[in-house]
Amino acid sequence: AAGHEVHVSTAVPEFVFTAELRSPGLHVRKVLLDCGAVQSDPLTVDPLASLEKYHQTAVVPRESILRTEAEWLRSVKADLVVSDVVPVVCRAAADAGIRSVCIGNFSWDSIYAEYIMAAGYPHRSIVWQIAEDYSNCETLLRLPGYCPMPAFRDVTDVPLVVRGLRKSRSEVRKDLGIAESTKVVIFNFGGQPAGWKLKQEWLPDGWICLVCGASDSQEVPPNFIKLEKDTYTPDVMAASDCMLGKIGYGTASEALAYKLPFVFVRRDYFNEEPFLRNLLEHHQSSIEMIRRDFLAGHWKPYLLRALTLQPSYDGPTNGGQVAARILQDIAVGKKCASDK
């Protein structure tokens, strides 16, 4: 809307961006620059596999990545590079002589440092390289629920970044054929293998469970509804009475914004979780379901208890607009890291 050209370099499918934003100024380029965490299932991170995959993805081809990305940034005449904490991007921008900004609530040096401890210290140099890459970044736009990120030289706090609602609660329920009085839990684990068998008796009587990310082959009981792959999740969250899932920035921020009680199952080796959990608990928005009870289907007492929570987050949720304004100012040279 502001008339800028935006180039997105990502390994994520293009439709993720074009479905939300149709603009001739948006260009999506497919490229793999990091790999995140390797999970064997939605609750289990493999520390050693994560380190080894990062080594193969971003360390072995590092010189080639830096050369290619710097050349590409110059070719599109970029004024600013914005990264969701992809480390090598910050160094590539510096090599191209272009300012860079990161945005996030965690950084990979912090995450991988825990993995190194768990995996017996292989790949220690990865963490130092990541921290050095981040030091090329001009500023970090830090989201709520953040973990320590000492590698960044300058930090600007921004409010929650959340997606806005498109439909009312009653519209969503009508579309799904669910009565206003029916209790609804949204099951949100970011996709599950087909091996997860959901059972009718796991829900309190009369409840409906809306399942995100179910595989095409996954069968569900009559009191469970599989949501379409392109379902706009914030609308469904706001139309539900509680959510059952794992803590990540997206689930936590939107649960807070829409005052949705969040029943979470803890996962190991993802150390952004305690900081987001503290934010949720501070606003009376969450309770933990023991993993043993989750896997055994002992959901009822947790779901019923979730209805007694009174989520109280009343902070701003316009972080997207705030961040966009800051990024625009930096891109046109109105703002530098020392401006406060």
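Count the sequence shown with our numbering and you get residues 1038 to 1377, in order. All C-beta atoms in this analysis are idealised placements derived from N, C-alpha and C, irrespective of residue type, glycine included.
In this structure, the straight-line span from the alpha carbon of residue 1283 to that of residue 1080 is close to 8 Å.
Here residue 1048 is exposed: its Cβ has fewer than 16 other Cβ atoms, across all protein chains shown, within 10 Å. Note that the C-beta distance between residue 1111 and residue 1133 is below 7 Å. Counting only runs of 4 or more residues that sit fully inside the region 1246-1292, the alpha helix (DSSP H) segments are 1270-1275, in chain order. With at least 16 other beta carbons inside 10 angstroms of its own, residue 1141 counts as buried. In the structure shown, the three-state DSSP call for residue 1189 is coil. For residue 1077, the enclosing beta strand (DSSP E) has its first and last residue at 1076-1078. Around the beta carbon of residue 1050, fewer than 16 other beta carbons lie within 10 angstroms, which makes this residue exposed. Here residue 1336 is buried. Its C-beta has 16 or more other C-beta atoms within 10 Å. Per the Cβ contact rule, the region 1286-1299 is in contact with the region 1310-1322 (3 or more Cβ pairs under 8 Å). The beta carbon of residue 1258 is closer than 8 Å to those of 1235, 1236 and 1237 in its chain, skipping five residues each way along the sequence. Rounded to the nearest angstrom, the gap between the Cα atoms of residue 1213 and residue 1279 is 17 Å. Across the structure, residue 1127 and residue 1161 are spaced so that their CA atoms are roughly 20 Å apart. Look at the beta carbons and you see the region 1039-1047 not touching the region 1085-1103: under three pairs across the two are nearer than 8 Å. One Cα belongs to residue 1221, the other to residue 1102, and the distance between them is close to 46 Å.
Membership of residue 1211 in the alpha helix (DSSP H) is indicated by the continuous run 1206-1213. One thing to note: residue 1328 has its Cβ no nearer than 7 Å to the Cβ of residue 1300.
Looking from the CA of residue 1210, the closest CA among 1223, 1200 and 1255 belongs to 1223. The C-alpha of residue 1045 is placed about 8 Å away from the C-alpha of residue 1063. Contact annotation: residue 1196 and residue 1353 have beta-carbon atoms nearer than 7 Å. Proximity to residue 1073 across 1086, 1248 and 1189 peaks at 1086, based on C-alpha coordinates. Our two residues, residue 1325 and residue 1191, have alpha carbons roughly 34 Å apart in a direct line. CA-CA distance, residue 1170 to residue 1188, rounds to 9 Å. Per DSSP, residue 1307 lies in no beta strand (DSSP E) segment and is marked neither H nor E. If you draw a 10 Å sphere on the C-beta of residue 1104, you find fewer than 16 other C-beta atoms in it, and that means exposed. In the structure shown, residue 1315 falls within a helical segment according to DSSP collapsed to helix, strand and coil. Under the three-state reduction of DSSP output, residue 1141 falls in the strand class.
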